[in-house]
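Shown next, in the form of structure tokens:
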């Protein structure tokens, strides 16, 4: 074999390693995991949005044959509340959620008791026999209304987020004009198709606590569970199987995860909990609900001189694992791709009597992009220029890169690492055929159609550190195993990591397997969130693969009596660079030579393996442009998204097919938030979206064939492959671009001030126009 | 509640003699009593379609059917699509067109699409998208699912 045949895999749309078992029905999702003698847990949830717990009577439930145990708060009072994973502010600690409600319930769905039974149907029956008496209290349902009391005099305003730089007051004092808007974003969530699930198991003979059904952040959750139970990480392990979608919500630590593990410890039997859909919609994290009051100081040409923003973040009943993450990201990322000389933001984190909040794909940015881009459109209207022109005037130029924002979030300073924002805007406009599109829109309007287009831009963040470790091992069978601390929520982690490993090492892609989400396989790991895996785990994999290659070549050189620089590895085989023939070797043979007792081991540690850690203090910042074309039905107010284009610069795409999939899927979720999905409540705090017939997710009918431009103009300088993450750019600006397109279709600049935009709202605007 | 009935579920040609309460859903019986966990449960109220199986050739939401109602009928699930190592054209098309990400909704889409195309091989594109809009996917944005089903439809018509 000659060296010229070496395969390039990074940048290729290879088929996914994950697909075979998933297509054959061989997946192992949480509900598919069973252990002999297991019990089933059912949670008794509050039916009141706010109230004092007067009594919880478990007796009738316990009397049912087959019910093994039932607990209320008194039984779990020794377990501390669930701690914060990100963006910890100390004053928030008092607002954390206990695993069962202590003396008050704070939202419909708040866990009040749990029942353990031999059968899941029986557990559900028994839960209905738990008598919970609650004295109802007045509810708070508006984050921007009056501040109430959490408990013990603690206000429901849990913290303020303050950020900014520059002379904001001076800029407003000297402005040509000021543009002010009040905007709000509805309550949404990721709603993966697989509900949550957790199976706790305690193995007494080895004193090992195990949890199955882990996702996203298994190592952090392992450490927390160990801490909460007074155990060590060494005798606590979490295992991730297949995960039916992540989107921010899945895999965070929730009361139910702690409860199954505690029950496994106490009852000495495996305990399984599978959430039902109603529970998911009222108990798993919600996200996004914010109201912003934003002002821009501008000059006569529409250049922004300063932005001043105050917003209210509706956190729901408690502070959960994300603590201040979502409002903090909203505040920090709001300036986007524009040159904002002065900026001030004040965010109020408020508790309400709704489901507690966490992250949802592009957290804080779906919200702040909607707010900022609405502001840009308002500036354009104010000075009489187009939406495209106002953006061109305010975009940061490439010559200014890198840009330090004087803002920090997620423990990192915001330094926009690279980007050519104006060029990407041109690519997007060319891609959609902007000028022709405007001509078509004009002519369609002449026939009475309500049709319009909108553009929105954004900067994303990705590749959050601070580290990722990878260990690659080649077995004596030649199979390559990459052990990572990453997690997979369905995005194709195994494929992209295998692509990098196979290319850099010179192994066959088919021979590489990737381990993720198994805490017993690697000491530490940060998991999968914030579009971090391709960047962090990807770079650690590249480094480990290159180290392993050097090690293999050194051993091969010795065995073949050549020098390492005369050799290469192609498809798992050692080849001579000069094309010379002679006896060849495989990675498997080198692994055998390096086995314990093998002829090459010498004084070094046996085995053909290598480890690498990649550390990064800064995030990478991909950026994008969304273009939407919508039409409105005059009679019903119905909104249809006719065309949608995303141009996204991610530095380097490891697998363009997967990047495209991330973007299109992200757009679909963004459309849901823009037009259909919303968790609404009645005036007593009763949730109104508790089934898929109420919480309307887009179907194949609502999602257009999204046009995608994957751009690689601005590789990140922070890692050698130039990677930036691709997971959230499809979602980020959908609300913003669709709002702009609807304004345009209505001929009413600034008409859309809240998401989702419903047909009723459109009908109201159309009627008001007459 | 504890009244149980003996029934036989025939899944992918194999008979499973099981004893179930009258309230037991077909989905639970397929998964828990017959061990065929490829059929997934996404909502238990008949909206998402993740649990779609074929009962006497018709796509059915197995969360909305009682196990007893399927007694003696021919049930096909995702586990029965491939012929040994050889994937069904629909499975292959999903792989080649990146029609799945997390894979949770996938068995439901596969069974829905296979069931419809076996009955109606020349279904119009409009009707096909209408059918596919009866199941939910949260990862793909549907376009690759539609492409995969169109590609498989061509192959299924030729075979």
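Protein chains in written order, with this note's numbering: chain S, 835 to 1604; chain C, 160 to 318.
Using N, Cα and C, we set each Cβ at its ideal position, and we do this for glycine too.
Remember, predicted model here, so these are calculated numbers, not experimental data.
For the 7 Å CB-CB criterion, residue 844 (chain S) and residue 1331 (chain S) do not form a contact.
Interface with chain C (7 Å Cβ-Cβ cutoff): residue 921 (chain S) is excluded. Contacts with chain C (Cβ-Cβ distance below 9 Å) from the region 850–863 of chain S involve 850, 852, 853, 854, 855, 856, 857, 858, 859, 860, 861, 862 and 863, listed in chain order.
For a cut-off of 8 Å, the C-beta gap from residue 938 (chain S) to residue 871 (chain S) is around 36 Å, too long to register as a contact.
Under the criterion of beta carbons closer than 8 Å, residue 1421 (chain S) and residue 1406 (chain S) qualify as touching, at roughly 5 Å. In this structure, residue 1316 (chain S) and residue 1306 (chain S) form a Cβ contact; the two beta carbons are roughly 5 Å apart against a cut-off of 8 Å.
Listed along the chain, the chain S residues whose CB falls inside 9 Å of the CB of residue 255 (chain C) are 849. One Cα belongs to residue 1380 (chain S), the other to residue 1444 (chain S), and the distance between them is close to 9 Å. Following the DSSP letters along the chain, one finds residue 877 (chain S) inside the beta strand (DSSP E) bounded by residues 873–879. Check the Cα spacing between residue 1208 (chain S) and each of S:1029, S:1018 and S:1484: the tightest is with S:1018.
Within the region 214–247 of chain C, those residues whose Cβ lies closer than 7 Å to any Cβ of chain S are, in chain order, 236, 237, 238, 241 and 246. Against chain C, the beta carbon of residue 879 (chain S) has no neighbour under 9 Å; the closest one sits roughly 16 Å away. About 16 Å separates the beta carbon of residue 863 (chain S) from that of residue 268 (chain C), a gap too long to meet the 8 Å contact definition. In the three-state reduction of the DSSP assignment, residue 1266 (chain S) falls in the helix class. Per DSSP, residue 224 (chain C) has no beta-bridge partner at all. Within chain C, the C-beta atoms nearer than 8 Å to that of residue 865 (chain S) come from 190, 196, 199 and 200, in chain order. In the structure shown, the three-state DSSP call for residue 916 (chain S) is coil. One thing to note: residue 1089 (chain S) has its Cβ no nearer than 7 Å to the Cβ of residue 1035 (chain S). Not flagged as an interface residue toward chain C: residue 1375 (chain S), since no C-beta distance is shorter than 7 Å.
For residue 213 (chain C), the three-state secondary structure derived from DSSP is strand. Residue-level contact check: residue 1028 (chain S) touches chain C, since one or more beta carbons of chain C fall below 7 Å from its beta carbon. Beyond the five residues adjoining it in sequence on each side, residue 232 (chain C) comes within less than 6 Å, by CB distance, of 214 and 215 in the same chain, given in chain order. With fewer than three CB-CB distances shorter than 8 Å, the region 1518–1533 of chain S does not count as touching the region 1486–1497 of chain S.
Excluding the 5 residues flanking it on each side, residue 878 (chain S) has same chain C-beta neighbours closer than 6 Å at 946, 947, 961 and 964, in chain order. In this structure, residue 1094 (chain S) lies near residue 1107 (chain S), with their beta-carbon atoms less than 7 Å apart. A Cβ-Cβ contact shorter than 7 Å links residue 1571 (chain S) with residue 1462 (chain S).
In this chain, the alpha helix (DSSP H) harbouring residue 1496 (chain S) covers 1490–1505.
Straight across, the Cα-Cα distance linking residue 301 (chain C) with residue 1158 (chain S) is about 33 Å. In the same chain as residue 1561 (chain S), and ignoring 5 residues on each side of it, the C-beta atoms closer than 6 Å to its own belong to 1365 and 1496, in chain order. Using a C-beta cut-off of 8 Å, the region 1540–1547 of chain S makes contact with the region 1478–1486 of chain S, since at least three inter-stretch Cβ pairs fall below that distance.
Between residue 1518 (chain S) and chain C, the shortest Cβ-Cβ separation is not below 7 Å. The beta carbon of residue 1204 (chain S) sits no closer than 7 Å to any beta carbon of chain C. Proximity of chain C to residue 1022 (chain S) at the Cβ level (cut-off 7 Å) is not reached, the minimal Cβ distance being about 12 Å. Between residue 256 (chain C) and residue 188 (chain C) a beta carbon distance of about 32 Å is seen, past the 8 Å cut, so the two are scored as non-contacting. Annotation for residue 303 (chain C): the continuous alpha helix (DSSP H) segment containing it runs 302–317. Contacts with chain C (Cβ-Cβ distance below 9 Å) from the region 1076–1087 of chain S involve 1076, 1077, 1078, 1079, 1080 and 1081, listed in chain order.
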